[in-house]
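Colleague: If you scroll down you'll find the structure; I have some questions about it.
Residue numbers (the working numbering): 17 to 1099.
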């Protein structure tokens, strides 16, 4: 990065470092997606491919109609025109377009430009930059009330009741008391505002915690402490060891002499390995920190680019259940209008019929239950409380209290790899020498052989020194002698200890001064040493060599030192280093042993790259396959001894190639490849990327629950495939189809044909190939991929991850869940229907942006199959029961009006209506949030129970119609029964029917419950007690002496039995003849 940011000297005042944007979790430099061309960029492809079928032979694109018709093609939807288009959603499109146009007019986006940033002088910036603060809040003080009200009244249910409540201010339309309508509406809004206020306050506290972190700011007068949110563009910030980088920064200076520093990007991509960064050379050479203000320089930064370090937007999620209920509410409204029209028609449209129509609309308004929203919202809050109180998933946080039931509807689970499925901690597991293999239980043998070998070598060296024998030089023509196992172990361990880019780092005893890079203040003991490298694999290898006795104690740009088991220090001069690249898939180093002057070329890499450069052998390919099946990441290690003449010849050719003007890269690679011939195969190493705890059983559980799991990772293909197998994302007996790299439409065409022929196999594809396929064959590719039991997408950018989520939503219509732990997963998490962030040592950015936060991946299993399943089934039962409560009383009102000549007169008035919807029935109905069909342990043991929920059968048109029929039956029985049994006064009809109605509701709750909880029984008794107690105070509605008679009791009992007993009988018969799956387990 240092070479990419020029510093421009000027004649006037000082300049300063820059932080380019105010984004907290960011690192310096453009992301990998900054230079990526658009997916929609046109390519020079032959147009005739449009007419070709996807399924063709590979020899000349021959048309095969039979194969062509087998391929799932895109579903072409007929475009709706005119009035049909407007009714079917066009009105919503027009409204959205108008709103977007108004927003663009009122708030035009600022044009992004390149910037000039003065070092240390923010006030000299030409443009105003935003604050360096994190804000996850949805509202501010002024927009909270309007915003919450808008979010509520955009739902048809609440908007309808607002209109109904306002109509009561018109005398001609007034049905009863104002509080009959305004009290329930006010209660709903109060609960909603309180819930939103609590969520908003929690978001504010989280933001405040992040924004209040202190950093040292360098000024002309010295260091001052500033909050993260107060950092400005141009400030000079001192970032201490183990401190988070607060914004995008340019690396100017470090306390290390060479200007190098290791940073970790775990909050961006979940990678916990250390990455080497080098400071700007001209500022690194300054004697002291204060000199940064004396130089005349500024940073010219390009305009902001689309990369992994930036994301924008805050939005509110709405669950599928809410949308389904909104549709059912519209259906109920149509039924309400139809019933009112029928009543006015039967009335003969006499008099001011339109007034009667509106009054009937008000009388039957309880068909649409206003308490539905508040019951669901309170239920969701209860589900969230249960999730966070579950001792089996400690540390789980519900950050969005509006969609817990979404956890029970998921079909696609998209997960990151590093930090999510794995810990990104490498552990050395296997060393294979061809004839002998060492595992974790036989490492002590390696240690003993290494100790004996170095003891013999040291004694021979002492003898040679005593006789003044000059050191022997490497002879490539030396005769081959079969080496002993001890010498082969010695060579293998030494090669692993030398062939890497690892640097040992030691902690300083005290705070060293800025101007003195006092290495004397460092503690070089073993306990104080840590290893830093860009690859965790290399750290694992060096840590393993230390564990067996050969320790890397020091390294700089030109040399490295090893300590033998006996304590002897071996010094090696680093002559050349060839870093690992994704093209070569190998790295190498040429070193000279200072004690013997031997020059050796060591190389390690993937088996596909090393198999062609090592001497013939008959075991490498087989053993690599065995280790891969065990989930180990393999590296092949080889060496070649060089004479002084050979190395000098190579160095001359290598330097000439590096000075070439044309084809420099190819010439350098050709020179290096001249050494990579007939190398001696030393060993094969196996390193395991430690999986998160219980990843395998969790993935197995989720797969049995019917979820299709996709792994989206930025890692290379080999690593992603290895983890997919080791984690059992892809089962051992399952085939894997690796999608070959494609760059054109024709190549994608052929590869999709090859993929189509495979059956029941996992798909592994790279991000570049995915981009090409989605450009030309989006529908076909998605439909084929959705048929796979597992999909692995490697080398994915954050934008691609989010795009894949949206594709699954659009093409399948199923619910998606995204799981991640790094900043590069935020876009995927926010695009999914449900986002889960894993909060651990990799940071909190994904966790803060997600709907649910867990501490370990294994907790996701219980979160979905127990809490997700229960939340959805409870919400479905609760919503349908609340609708039943409104439908039954509306049915009674319709029967009453029909009997009394279609008069628009209310059956129940005032407190009876308010009490019916609140104290008389609210507690038992709401207690359904405690209901469960099976115990949590049973749900974990049989995750197949989760499959039934994905079809949405718990809340469907079928179940809705069943409850409508039940409501009509019970409402008719209650009203007709009361009319038949009453003798003289109308007030007796009210008393009998209303009491039977309350008892029926309480019995229906008991009928619906599958597992009794003691709070359910308390709620039933409490509601019944409240009703009985209130009878003494309802003189204006009831004849108190009459309700104390036996006649009242038997009439109420008879009506209640007739309305409920048949339903109990039907439930018993259904449970015996066609029991649900959960009942078989519970019994």
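Backbone N, C-alpha and C define an ideal beta-carbon position, used for all residues, glycine too.
Please determine, among 700, 304, 955, the residue with the shortest C-alpha to C-alpha distance to residue 718.
Modeller: If you number the chain shown from 1, residue 718 lands on position 702. Closest option to residue 718, Cα to Cα, is 955.
Colleague: Leaving out five residues on either side along the sequence, give the residues of the same chain with a beta carbon under 7 Å from the beta carbon of residue 891.
Modeller: Residue numbering aside, residue 891 sits at position 875 when the chain shown is read from its first letter. If we look at residue 891 and ignore the five residues flanking it on each side, its Cβ neighbours are 337, 392, 395, 421.
Colleague: Which residue comes first and which comes last in the alpha helix (DSSP H) that contains residue 401?
Modeller: The sequence position of residue 401 within the chain shown is 385, counting from 1. Its alpha helix (DSSP H) spans residues 387-405.
Colleague: My output table needs one value for residue 146: the three-state DSSP class, helix, strand or coil.
Modeller: By 1-based counting over the chain shown, the position of residue 146 is 130. Residue 146 falls in the coil class under three-state DSSP.
Colleague: Alpha carbon to alpha carbon, how far is residue 250 from residue 292? Give it in angstroms, no decimals.
Modeller: Start at 1 with the first residue of the chain shown, and residue 292 comes out as number 276. Start at 1 with the first residue of the chain shown, and residue 250 comes out as number 234. Straight-line Cα distance between these residues: approximately 24 Å.
Colleague: Tell me where the beta strand (DSSP E) around residue 430 begins and ends.
Modeller: Looking up residue 430 in the chain shown gives position 414. Annotation for residue 430: the continuous beta strand (DSSP E) segment containing it runs 426-431.
Colleague: Between which two residues does the alpha helix (DSSP H) carrying residue 801 extend?
Modeller: The count along the chain shown starts at 1 and reaches residue 801 at position 785. Segment 794-802, the alpha helix (DSSP H) holding residue 801.
Colleague: To the nearest angstrom, how far is the alpha carbon of residue 1080 from that of residue 1040?
Modeller: On the chain shown, residue 1080 is found 1064 positions in, with the first residue counted as 1. On the chain shown, residue 1040 is found 1024 positions in, with the first residue counted as 1. When rounded, the separation of the alpha-carbon atoms in residue 1080 and residue 1040 is 20 Å.
Colleague: Name the DSSP beta bridge partners of residue 280, please?
Modeller: Here the question's residue 280 lines up with position 264 in the chain shown. BP columns for residue 280 point to 290.
Colleague: If you draw a straight line from the alpha carbon of residue 350 to that of residue 358, how long is it in whole angstroms?
Modeller: Position 334 of the chain shown, counted from the first residue, corresponds to residue 350. Position 342 of the chain shown, counted from the first residue, corresponds to residue 358. Answer to the nearest angstrom: the Cα atoms are 12 Å apart.
Colleague: How many Å lie between residue 461 and residue 558 at the Cα?
Modeller: One-based indexing of the chain shown puts residue 461 at position 445. One-based indexing of the chain shown puts residue 558 at position 542. Approximately 18 Å, taken between the alpha carbons.
Colleague: Please identify the residue among 458, 608, 444, 1083 whose C-alpha is closest to the C-alpha of residue 556.
Modeller: By one-based count along the chain shown, residue 556 stands at place 540. Ranking 458, 608, 444, 1083 by CA distance to the CA of residue 556 puts 444 first.
Colleague: I'd like the list of long-range same chain contacts for residue 546, defined as Cβ closer than 6 Å, with 5 residues on each side in sequence excluded.
Modeller: Here residue 546 refers to the residue found at position 530 when the chain shown is read from its first residue. 521, listed in sequence order.
Colleague: Pick from 670, 446, 781, 704: whose alpha carbon is nearest that of residue 804?
Modeller: Along the chain shown, read from residue 1 onward, the residue named residue 804 stands at position 788. It is 781 whose Cα lies nearest to the Cα of residue 804.
Colleague: Taking the straight line between their C-alpha atoms, what separation do you get for residue 1028 and residue 947?
Modeller: Taking the chain shown and counting its residues from 1, the one referred to as residue 1028 is at position 1012. Taking the chain shown and counting its residues from 1, the one referred to as residue 947 is at position 931. Straight-line Cα distance between these residues: approximately 7 Å.
Colleague: Pick helix, strand or coil for residue 519, following the three-state DSSP scheme.
Modeller: The sequence position of residue 519 within the chain shown is 503, counting from 1. Residue state, collapsed to three classes: strand.
Colleague: Would you mind listing the alpha helix (DSSP H) stretches within the segment 742-778 that are 4+ residues and don't spill past its ends, in chain order?
Modeller: 761-772
Colleague: Inspect the CB distances between the segment 804-816 and the segment 405-419 and report whether three or more fall short of 8 Å.
Modeller: No: the two stretches stay apart, fewer than three of their Cβ pairs being nearer than 8 Å.
Colleague: State whether the segment 156-174 contacts the segment 885-903, with contact taken as three or more CB pairs (one from each stretch) at a distance under 8 Å.
Modeller: no
Colleague: For the pair the segment 510-519 and the segment 600-613, tell me if three or more CB-CB distances fall below 8 Å.
Modeller: yes
Colleague: Does DSSP put residue 306 in a helix, a strand or coil?
Modeller: Along the chain shown, one-based indexing puts residue 306 at 290. Here residue 306 sits in helix by DSSP.
Colleague: DSSP on residue 675, reduced to helix/strand/coil?
Modeller: As a first step, residue 675 must be located in the chain shown, where it is residue number 659. In this structure, residue 675 counts as coil in the three-state DSSP scheme.
Colleague: At which residues does the alpha helix (DSSP H) containing residue 359 begin and terminate?
Modeller: If you number the chain shown from 1, residue 359 lands on position 343. That run of the alpha helix (DSSP H) goes 336-363.
Colleague: What's the gap between the Cα of residue 693 and the Cα of residue 278?
Modeller: Stepping through the chain shown from its first residue, residue 693 is reached at position 677. Stepping through the chain shown from its first residue, residue 278 is reached at position 262. Residue 693 and residue 278: Cα-Cα distance of roughly 35 Å.
Colleague: Looking only at its chain, what residues have a beta carbon closer than 6 Å to the beta carbon of residue 1036, apart from the 5 residues adjacent to it on each side?
Modeller: Within the chain shown, residue 1036 is the residue found at index 1020, counting from 1. Answer for residue 1036: 940, 1018, listed in chain order.
Colleague: Exposed or buried, what is residue 170 when buried is set at 16 or more other beta-carbons lying within 10 Å of its beta-carbon?
Modeller: By one-based count along the chain shown, residue 170 stands at place 154. Classification for residue 170: exposed.
Colleague: Residues in its own chain within less than 7 Å of residue 846 by CB, not counting five upstream and five downstream?
Modeller: Within the chain shown, residue 846 is the residue found at index 830, counting from 1. Around residue 846: 865.
Colleague: Anyone know if the C-beta pair for residue 868 and residue 218 falls short of 8 Å?
Modeller: Mapped onto the chain shown, residue 868 falls at position 852. Mapped onto the chain shown, residue 218 falls at position 202. No, they are not a contact pair.
Colleague: So, under 8 Å CB-CB, residue 255 and residue 261 are touching, yes? Tell me the CB distance rounded to an integer number of Å.
Modeller: Counting from one through the chain shown, the residue named residue 255 turns up at place 239. Counting from one through the chain shown, the residue named residue 261 turns up at place 245. Between residue 261 and residue 255 the Cβ distance is about 6 Å, and since that is below 8 Å, they are a contact.
Colleague: Compute the Euclidean distance between the alpha carbons of residue 651 and residue 690, then round it to the nearest angstrom.
Modeller: Translated into positions along the chain shown, residue 651 becomes position 635. Translated into positions along the chain shown, residue 690 becomes position 674. Looking at the two C-alpha atoms, the distance is approximately 21 Å.
Colleague: Under a Cβ-count criterion, where at least 16 other Cβ atoms within 10 Å of its own Cβ denotes burial, should residue 215 be classed as buried or exposed?
Modeller: As a first step, residue 215 must be located in the chain shown, where it is residue number 199. Flag for residue 215 reads buried.
Colleague: If you run the structure through DSSP and keep just helix, strand and coil, what is residue 592?
Modeller: Position 576 of the chain shown, counted from the first residue, corresponds to residue 592. Shown here, residue 592 sits in a strand according to DSSP, grouped into three states.
Colleague: Going by beta carbon distance, what residues of the same chain come within less than 8 Å of residue 1031, once the five residues before and after it are set aside?
Modeller: Here residue 1031 refers to the residue found at position 1015 when the chain shown is read from its first residue. The answer, listed in chain order, is 943, 946.
Colleague: Could you give the uninterrupted runs of the beta strand (DSSP E) lying entirely in the segment 983-1041, keeping only those of 3 residues or more?
Modeller: none
Colleague: Let me know the secondary structure DSSP gives residue 853 once reduced to three states.
Modeller: Working through the chain shown from its first residue, we reach residue 853 at position 837. Looking at residue 853 - three-state DSSP - the assignment turns out to be strand.
Colleague: Determine the DSSP secondary structure at residue 839, reduced to helix, strand or coil.
Modeller: Along the chain shown, one-based indexing puts residue 839 at 823. It is helical.
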